[in-house]
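K.L.:
Here you go, one structure.
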Amino acid sequence: QSQDGLLEVNLIASINKINLGNQQVYVLNYNGQIPGPRLEAKPGDTIRINFTNKLPQPTNIHYHGLHIPIIGNADNVFLKIAPGDRLTYQFQIPQNHPAGMFWYHPHFHSLTAEQLFGGLAGLFIVRGELDEIPEVKAAEEKFLVLQDFALDQQGNLLPSQELSIMTGREGDLITVNGQSKPNLAIPPQGLLRLRILNASTSRFYRLSLEEHQFYLIATDGGALTEPIEMSELLLTPGERADILIQASREPGKYRLLNLPYQRVSMGMMGRNVPENQPQVLATVSYDTKVAAVPLPSKLIPVEALPKAQKVRRFQMNHGMIPGQGMAFLFNGQPYQLERTDTQVQLNTVEDWELINTGIMDHPFHVHGNAFQVVSRNGKPEPYLAWKDVVLVRPGEKVLIRMPFQDFPGKTVYHCHILDHEDLGMMGNLEIQA
32 QSQDGLLEVN LIASINKINL GNQQVYVLNY NGQIPGPRLE AKPGDTIRIN
82 FTNKLPQPTN IHYHGLHIPI IGNADNVFLK IAPGDRLTYQ FQIPQNHPAG
132 MFWYHPHFHS LTAEQLFGGL AGLFIVRGEL DEIPEVKAAE EKFLVLQDFA
182 LDQQGNLLPS QELSIMTGRE GDLITVNGQS KPNLAIPPQG LLRLRILNAS
232 TSRFYRLSLE EHQFYLIATD GGALTEPIEM SELLLTPGER ADILIQASRE
282 PGKYRLLNLP YQRVSMGMMG RNVPENQPQV LATVSYDTKV AAVPLPSKLI
332 PVEALPKAQK VRRFQMNHGM IPGQGMAFLF NGQPYQLERT DTQVQLNTVE
382 DWELINTGIM DHPFHVHGNA FQVVSRNGKP EPYLAWKDVV LVRPGEKVLI
432 RMPFQDFPGK TVYHCHILDH EDLGMMGNLE IQA
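Each residue of the sequence shown is one higher than the last, beginning at 32 in our numbering.
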């Protein structure tokens, strides 16, 4: 947690033996823990992260969802920190930054998926007005970081097969905060605030809690205008959700389930056939039934963005590239470091049309800038929310509206199935002052 306007942390990425689930495993980690340490700051704070790379590969850190500078030693994905090297990241959280749930993970192109799949991820929380709403403040807050690992009997990371990399690798061991099926207890006041991050490389989580509704209060980019009631919640890689759960049923234990979900259309099965059985991720328990737990009626107003000055179109697909094999593409092209794909002007608003002409789901992520989803296949989105990852299903056309404010420079947008990103589904975005 930050003190007197400064959050200073020593962070070390390394590979060593740690306790995960119920076994000793040899995985990638920050500071010897999975997930990495949770960082908490407030708007206006200065962040200083003294980072040491003890991995045998180059790496760097992306601050996913934070609206901070994208150049220098801030959220700069073009930095290369060689094995054994150190770098101090330093930036300020803007005074007007929304409260919310963000995260940090490696983003060195071609190694992003491998390093995240090895275990490197941690939460970055910005505190603010959402946390001060009385009903939200009264709730029991729990953070859930969802990850999956592919390990052998000895607890070593399994090498990945080409087909599973192409569809997006998934591991058989699913952990919640590095634990296997933890129990979350709701205290007598009867309200639980679950703040959930999908930190998996490719796995989708379709969550439901037996006999309970979810009340969504915030998405990737911060609070909603009012809670949205839902019976299940789909989280694609990189997405976050902040939900309230009422202890309004009979006291007991209820299972938090991951329901089956098919993210690849016909023909590319392999071992990615969804389990027909729901998987138990955790349990939620309480001893006292609380008749009427008050939910907040209003949260933080989400302002609709003004009309866009420009419309762009991005087609997402995969294809064979001579000499490269299978690649994933934006507008028919795989990623190239030197090429600028999209140039935008600071202080403008743009509409981006995301069109998936392939056979796999693609969650689309833009660095440094949150957006609002306007419509899917022409149908208006039911509520306004700030997002930084949006799912585009096969055959779908999703329209997003994005303001470019505050920070010029060069960054990226990409598919957040990180294997697809490493296989080419990424573009360079230049924001010009």
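In this text, a Cβ means the ideal position worked out from N, Cα and C, and glycines have one as well.
Everything numeric in this text was worked out from a predicted model, so none of it was measured.
So, using beta-carbon positions, are ARG234 and ASP183 closer together than 9 Å?
P.N.:
Result no, Cβ atoms of ARG234 and ASP183 do not sit closer than 9 Å.
K.L.:
GLU153 to HIS95, Cα distance in whole Å?
P.N.:
Here residue 153 is Gly; the residue named in the question, Glu, does not match the sequence. One C-alpha to the other measures close to 10 Å.
K.L.:
For PHE82 versus ILE43, is the C-beta distance shorter than 9 Å?
P.N.:
Result yes, Cβ atoms of PHE82 and ILE43 sit closer than 9 Å.
K.L.:
Using DSSP with H/G/I as helix, E/B as strand and the rest coil, what is GLN146?
P.N.:
GLN146 falls in the helix class under three-state DSSP.
K.L.:
Out of PRO411, PHE245, LEU70 and LEU51, which has the shortest C-alpha to C-alpha gap to ALA4?
P.N.:
No answer is possible for residue 4: it lies beyond the span of the chain, which begins at 32 and ends at 464.
K.L.:
Report the residue from LEU454, ASN400 and VAL404 whose alpha carbon sits nearest the alpha carbon of GLN436.
P.N.:
Answer by Cα proximity: ASN400.
K.L.:
Do ARG79 and THR143 have their CB atoms nearer than 9 Å?
P.N.:
Cβ atoms of ARG79 and THR143: not closer than 9 Å.
K.L.:
Could you tell me the alpha carbon to alpha carbon distance between ILE274 and GLY354, rounded to whole angstroms?
P.N.:
Each residue's Cα considered, the two are about 47 Å apart.
K.L.:
Please report the distance separating the alpha-carbon of ASN408 from that of VAL429.
P.N.:
ASN408 and VAL429: Cα-Cα distance of roughly 6 Å.
K.L.:
What distance in whole Å lies between the Cβ atoms of ASN187 and TYR57, which are believed to be in contact at a cut-off of 8 Å?
P.N.:
At roughly 5 Å, the Cβ-Cβ gap stays under 8 Å, so TYR57 and ASN187 are in contact.
K.L.:
Using the rule of at least 16 other Cβ atoms within 10 Å of the residue's Cβ for burial, across every protein chain shown, is LEU222 buried or exposed?
P.N.:
Burial call: buried.
K.L.:
Run through DSSP, which three-state label would ALA254 get?
P.N.:
Note: ALA254 maps to strand in three-state DSSP.
K.L.:
What is the DSSP secondary structure of GLU270, counted as helix, strand or coil?
P.N.:
Note: GLU270 maps to coil in three-state DSSP.
K.L.:
For the candidate residues PRO327, LYS168, GLY149 and ASN208, whose alpha-carbon lies nearest to that of LEU86?
P.N.:
Residue GLY149 is the option with its Cα nearest to LEU86.
K.L.:
Looking at C-alpha atoms only, which residue of ALA254, TYR414 and ILE227 is the closest neighbour of MET158?
P.N.:
Before going further, note that residue 158 is Arg rather than Met in the sequence given. Per the Cα distances, ALA254.
K.L.:
Sorted by chain position, which residues of the same chain lie with C-beta nearer than 8 Å to PRO496's C-beta, five sequence neighbours on each side aside?
P.N.:
Missing from the structure shown is residue 496; the chain here goes from 32 to 464 and no further.
K.L.:
Can you give the beta carbon distance from ASN387 to GLY426, rounded, assuming they're within the 8 Å contact cut?
P.N.:
That belief holds up - the Cβ atoms of ASN387 and GLY426 are roughly 7 Å apart, short of 8 Å.
K.L.:
Mapping DSSP to helix, strand and coil, what is PRO165?
P.N.:
Residue state, collapsed to three classes: helix.
K.L.:
In angstroms with no decimal places, state the Cα-to-Cα distance between THR371 and VAL397.
P.N.:
Rounded to whole angstroms, THR371 to VAL397 spans 15 Å at the Cα level.
K.L.:
What ranges does the alpha helix (DSSP H) occupy inside the stretch 182-238, keeping only unbroken runs of at least 4 residues that lie completely in it?
P.N.:
The qualifying runs are 193-198.
K.L.:
I'd like the span of the alpha helix (DSSP H) that includes GLU381, first residue to last.
P.N.:
Careful: GLU381 lies outside any alpha helix (DSSP H), inside the beta strand (DSSP E) at 379-387.
K.L.:
Candidates ALA464, ASP251 and ILE259: which alpha carbon is nearest VAL375's?
P.N.:
Answer by Cα proximity: ALA464.
K.L.:
If I follow the unbroken alpha helix (DSSP H) through ASP453, where does it start and stop?
P.N.:
Element bounds for ASP453: 449-453.
K.L.:
Have a look at ARG271 and LEU97 and give me their C-alpha separation to the nearest angstrom.
P.N.:
Distance between the alpha carbons of ARG271 and LEU97 is about 13 Å.
K.L.:
If we count the other Cβ atoms within 10 Å of its Cβ and call it buried at 16 or more, is PRO325 buried or exposed?
P.N.:
Exposed, by the Cβ-count rule.
K.L.:
Using 9 Å as the threshold, is the C-beta distance between LEU265 and ARG224 below it?
P.N.:
It is not a contact, given that the beta carbons lie outside the stated cut-off.
K.L.:
Report buried or exposed for ASN107, applying the criterion of at least 16 other Cβ atoms within 10 angstroms of its Cβ.
P.N.:
Buried.
K.L.:
Going by DSSP, what residues sit across from ARG156 in a beta bridge?
P.N.:
Arg is not the amino acid found at residue 156; the sequence shown has Ile there. Paired residue(s): GLU71 and MET132.
K.L.:
Kindly indicate which residue of GLU145, VAL342 and GLN32 has the alpha-carbon position closest to the one of PRO190.
P.N.:
It is GLU145 whose Cα lies nearest to the Cα of PRO190.
K.L.:
Are GLU281 and PHE345 close, meaning C-beta to C-beta below 9 Å?
P.N.:
No, the pair does not count as a contact, with Cβ atoms beyond the cut-off.
K.L.:
In angstroms, rounded to a whole number, what distance separates the CA positions of ARG69 and ARG286?
P.N.:
Rounded to the nearest angstrom, the two C-alpha atoms are 25 Å apart.
K.L.:
Which residues does DSSP list as the beta-bridge partners of ARG294?
P.N.:
None; ARG294 has no bridge partner.
K.L.:
Quick one: grab the DSSP three-state call for THR442.
P.N.:
It is a strand residue.
K.L.:
Between which two residues does the beta strand (DSSP E) carrying THR319 extend?
P.N.:
Premise fails: THR319 is in no beta strand (DSSP E) and is neither H nor E.
K.L.:
Verify whether the separation of the beta carbon atoms of LYS284 and ASN214 is less than 9 Å.
P.N.:
Their beta carbons are under 9 Å apart, which means LYS284 touches ASN214 by this criterion.
K.L.:
Suppose the cutoff is 6 Å on Cβ atoms and the five residues either side in sequence are ignored; what does the same chain contact list for LYS329 look like?
P.N.:
Only GLU257 meet the Cβ criterion.
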